[in-house]
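In the working numbering, the protein residues as written are 1 to 292.
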């Protein structure tokens, strides 16, 4: 349960509940309608309308919790999480390889990130802020309520939500630092694969070579957009596919059992408090081994 509270001050005098909810907690009109419908807005413990004007000293509260049963397709599963940060509103974890975010429509998924997070939080809801492919490891953020999720999504691809990845690619890009601006679209005849497409959605990635060994390079990748498979397609498009990328490069499970991509660092602004959250997930062993 997540209940936001505020003691009304002299500076708040004359403002309606609607105005206070918008100013204090950025509650949108649509979400406000849902809160009204379920009687989730109170002053001093009594339900009020959004036109009510509380007095200084009154306690304004809004229950922004998810309602049970909003995500019936998620099956909680007891699976250990590597937690990097947690507070009342957010959970940041280090995602392992080989686990999908959500249950697949046509296959049995005994363990998913959604199920593991739902079990940990004792809920049937899952609100991923940044999504990672099954094979991608590293930092991912989940909101504990749909309300916080909406606030986080408004920050995505802005300075309030900055992330960078580590990748190992085949060959060493020249120059050692640059930008890849290639719009992306669906590959013809495939529901999964993406490809450069002049008519596709804009996509931008900044890359920087950090190290090189064994004919491969360790890269820092900073996307400013979030298209499906963006980093994988962009690296393949410049002739340096990720090591182990079975879809856009060459699969070699003797080297690594997945595309060598890791969500390394995330700095985000807490959508309610404004505080900075800064987390790093160390480079996993299977990617380190590629460069030794």
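For every residue, glycine included, the Cβ atom is placed at its ideal position computed from N, Cα and C. Predicted model, so just to flag it, every value in this text is computed and none were measured.
Residue 288 counts as exposed, since fewer than 16 other C-beta atoms from the protein chains shown sit within 10 angstroms of its C-beta. Distance from the CA of residue 122 to the CA of residue 75, rounded to the nearest whole angstrom, comes to 11 Å. Taking the C-beta atoms as reference points, residue 291 is found no nearer than 8 Å to residue 232.
The alpha helix (DSSP H) runs lying completely inside the segment 202-250 and spanning 4 residues or more are 230-237, given in chain order.
By the criterion of at least three beta-carbon pairs nearer than 8 Å, the segment 236-248 is in contact with the segment 259-278. For residue 26, same chain residues with a beta-carbon under 7 Å away, outside a window of 5 residues either side, are 151 in chain order. Contact annotation, residue 125 with residue 118: C-beta distance approximately 7 Å; criterion of less than 8 Å satisfied.
Counting along the chain, residue 185 sits inside the beta strand (DSSP E) bounded by residues 184-186. Between the segment 41-53 and the segment 13-27 there are three or more C-beta pairs closer than 8 Å, enough to call the two in contact. Here residue 12 carries a helix assignment [DSSP, helix/strand/coil]. Contact check for residue 140 against residue 83 fails: the beta carbons are separated by 8 Å or more. For residue 132, there is no enclosing alpha helix (DSSP H), since its DSSP letter is neither H nor E.
Only residues of its own chain outside the window of five on either side were considered, and among them 3 and 40 have a CB closer than 6 Å to the CB of residue 63, listed in chain order. For residue 227 against residue 266, the beta-carbon gap comes to about 18 Å, at or over 8 Å, which does not count as contact. Spanning the alpha carbons of residue 143 and residue 189 requires a straight line of approximately 35 Å. Under the DSSP assignment, residue 289 falls outside any beta strand (DSSP E), being part of the alpha helix (DSSP H) whose first and last residues are 285-289. Under the DSSP assignment, residue 126 falls outside any alpha helix (DSSP H); it carries neither an H nor an E label. With contacts defined as CB atoms closer than 8 Å, residue 263 and residue 112 fail to qualify as a contacting pair.
The Cβ neighbour count for residue 37, taken over all protein chains shown within 10 Å, is under 16; the residue is labelled exposed. Beyond the five residues adjoining it in sequence on each side, residue 102 comes within less than 7 Å, by CB distance, of 112 and 114 in the same chain, given in chain order. Taking all protein chains shown into account, residue 158 has fewer than 16 neighbouring C-beta atoms within 10 Å of its C-beta and is therefore exposed.
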